[in-house]
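Residue numbers (UniProt numbering): 1 to 253.
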């Protein structure tokens with residue numbers, strides 16, 4: 001991506017993460033992902049790979065119980081002061097963890113997180129009971145990850161299957177098997193009646209949730225990138241339509 005970024009940096013808002021040490025990482029030997037040492041090494045690698053001087057939104061990938069949040073925040077503030085990062089966010093924090101981070105930043109006189117990124121989609125709505133209202137109360141933007149449930153809401157799947165080369169059909173068949181296909185079929189009919197795609201309806205619904213800042217939808221082709229971007233501006237639900245969709249996929253206990 002570096003060469004692409006370098007050619008059009010002024011037209012981009014770049015967000016990336018650090019600190020997910022559960023996966024193999026060339027920085028794993030540096031210790032916990034929330035530590036100052038890891039953070040500083042990670043940002044330098046990201047800047048080099050992306051061929052840019054700064055990151056717009058630098059996000060802590062997952063809470064790290066091995067490192068005091070004070071150290072993580074102080075290290076991130078150093079990056080802001082040095083101009084390597086403009087804003088900081090977190091991912092997979094609970095409401096309590098988010099509130100504590102904000103409290104610590106205020107106590108230490110530090111700049112705090114401006115956004116949170118958590119799993120959220122029509123089949124995974126538990127965030128509405130916890131982190132979404134907390135983020136709204138604290139003024140944090142919310143970024144849902146897994147918004148299309150690994151592609152299930154692209155409209156390319158039915159109860160009989162989907163694209164053979166898709167991640168769901170290759171390695172995550174349980175997502176297809178566990179899907180509520182009666183509700184999915186009703187959702188498909190809802191979309192057809194309005195002459196919109198399921199992708200447009202899904203992203204439109206997510207963006208209508210109070211506090212949503214953007215939708216992080218994965219893509220493997222240029223066409224998919226364009227489809228996702230177009231879906232973000234092509235359809236917005238009325239209040240009634242928003243409720244109709246929500247009622248198809250109630251929050252699971």
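Backbone N, C-alpha and C define an ideal beta-carbon position, used for all residues, glycine too.
Since we're looking at a predicted model, the values are computed, not measured.
Opening and closing residue of the beta strand (DSSP E) in which residue i lies
i, result
"residue 2", "Counting along the chain, residue 2 falls outside any beta strand (DSSP E), though it belongs to the alpha helix (DSSP H) covering 2 to 7."
"residue 118", "115 to 119"
"residue 146", "Taken as a continuous stretch (DSSP letters only), residue 146 belongs to no beta strand (DSSP E), as it is neither H nor E."
Cβ separation of residue i and residue j, assumed to be a contact under 8 Å, to the nearest whole Å
i, j, result
"residue 148", "residue 129", "Rounded, the Cβ-Cβ distance is 21 Å, inconsistent with contact."
"residue 61", "residue 113", "Their Cβ separation, rounded to whole angstroms, is 13 Å, which puts residue 61 and residue 113 out of contact at 8 Å."
"residue 101", "residue 90", "7 Å"
"residue 254", "residue 83", "This structure cannot speak to residue 254, because the chain is shown only from 1 to 253."
"residue 6", "residue 59", "Not quite, the Cβ-Cβ distance comes to about 22 Å (not below 8 Å), so this is no contact."
"residue 213", "residue 139", "Not really, about 11 Å apart at Cβ, beyond 8 Å."
"residue 15", "residue 44", "In fact, because the Cβ distance is near 17 Å, the residues do not count as touching under 8 Å."
"residue 151", "residue 125", "Not really, about 18 Å apart at Cβ, beyond 8 Å."
"residue 110", "residue 74", "7 Å"
"residue 249", "residue 208", "About 14 Å; that fails the 8 Å criterion."
Min CB distance residue i to chain D below 8 Å
i, result
"residue 213", "Annotation note: the requested chain D is absent from the structure, which comprises a single protein chain."
Under the three-state DSSP convention, the category residue i falls into
i, result
"residue 15", "strand"
"residue 158", "strand"
"residue 88", "strand"
"residue 109", "coil"
"residue 218", "coil"
"residue 201", "helix"
"residue 28", "helix"
"residue 60", "strand"
"residue 179", "coil"
Exposure of residue i, with buried meaning 16 or more beta-carbon neighbours within 10 Å
i, result
"residue 64", "buried"
"residue 29", "exposed"
"residue 76", "buried"
"residue 117", "buried"
"residue 228", "buried"
"residue 2", "exposed"
"residue 115", "buried"
"residue 39", "buried"
"residue 108", "exposed"
"residue 85", "buried"
"residue 21", "buried"
"residue 200", "buried"
"residue 237", "buried"
"residue 243", "exposed"
"residue 245", "buried"
"residue 105", "buried"
"residue 137", "exposed"
Span of the alpha helix (DSSP H) around residue i
i, result
"residue 53", "No alpha helix (DSSP H) holds residue 53; DSSP gives it neither H nor E."
"residue 94", "Premise fails: residue 94 is in no alpha helix (DSSP H) and is neither H nor E."
"residue 242", "239 to 248"
"residue 136", "131 to 138"
"residue 73", "69 to 81"
Closer than 7 Å: residue i CB and nearest the ligand MG heavy atom
i, result
"residue 252", "Absent from the structure shown: the ligand MG. Ligands present: none."
ask   = On the three-pair Cβ rule with 8 Å, is the segment 83 to 96 touching the segment 216 to 228?
value = no
message = Any contact between the segment 186 to 193 and the segment 160 to 178? By contact I mean 3 or more CB pairs, one from each, below 8 Å.
response = no
query = Quick one: any contact between the segment 196 to 211 and the segment 232 to 239, if contact means 3 or more CB pairs under 8 Å?
reply = yes
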